[in-house]
Every structure is written in structure tokens, then in C-alpha cells.
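Remember, my numbering sits 11 above the position in the sequence shown when you count from 1. Accompanying notes for the structure given below.
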Amino acid sequence: MESFLNRLGPLSHAAFRIVVGFLFACHGAQKLFGLFGGFPMSPTGKVEVMSLLGAAAIIELVGGTLVALGVRARIAAFICSGEMAAGYFMAHQPQGLLPIENKGEPAVLFCFAFLLLACLGPGPFTLERGGR
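Right under this line is the structure:
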């Protein structure tokens, strides 16, 4: 069983990167364009790009896409991780001490998932040469 799981390591690394990046990009598209059940953030239904929320949405859309594709994935993942840490402490932590209380679990999970990808690299199956 262990040898079977060892062989799946590189494939699961790539799948993890692709899924995490894609889900994060969906959050950005939701904020920027109201897609995927997004809600209007302004009277026009779009996020003001020159706002904190607009900057977060752009980081989520662009960073998530770069991570999913494996293009400049380490730096993109590091920036995405920092955005989620800042978002957690600005939006969630004031609502309660623990993530389970303040609905910050997704922010914490994304933060540490991107930190892991920044440290380990994108793994195989990237659009950029030398994926590791």
C-alpha cells in the first residue's frame, strides 16, 4: 500500500496545486464579476478595483490561475498565502478567537495550502519548464 501511495505522490501534488489554484481563482471571479453565485459588491454589481476588496479579488483571480497552471507558482502562492493571512486577521479574527467561531476556516486553509505550495514548489505538470 505504501509503495502505491508513494507512486501517487507527484500526481497528487499536481492535483492539489491545480484544485487549490482553481478554487481560489473562482473566489476572485466571484468577487470581480459576480460569477458562481457571487453577490453584487457595489451598485454596479462589480467590485471597485481600486479598493482593498478589489485588490484581494485580483490576487485571487490572477494568483489562483497562475498557481493552477504552474506558472511562477511559488511566488504566486506566496502572495496568495499572504493575502489570506491578511484577510483572516482583518475580516475574520475580530469576529472571534478561533476560525471555527469566526467562519475563517477557508482563509486559514487557503493560507497554509498556498504556503505549502510556495515552499514545496508546483510539482509536475506545469506550463513552466522546470516545475520543481
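Glycine is no exception: its CB is placed at the ideal position from the N, C-alpha and C atoms.
A direct Cα-Cα distance of roughly 10 Å separates histidine 103 from alanine 97.
Here the C-alpha atom of glutamate 94 lies approximately 25 Å from the C-alpha atom of proline 135. Between valine 78 and valine 119, the C-beta gap is not smaller than 8 Å, which leaves the two residues out of contact.
Between lysine 42 and glutamate 71, the gap from beta carbon to beta carbon is short of 8 Å.
Just so you know, the alpha carbons of serine 14 and proline 21 end up roughly 13 Å apart.
A straight line joining the alpha-carbon of leucine 138 with that of proline 105 spans about 40 Å. Residue range 116-131 is occupied by the alpha helix (DSSP H) that includes valine 119.
The residue among Val82, Pro117, Ile69 with its C-alpha nearest the C-alpha of arginine 28 is Val82.
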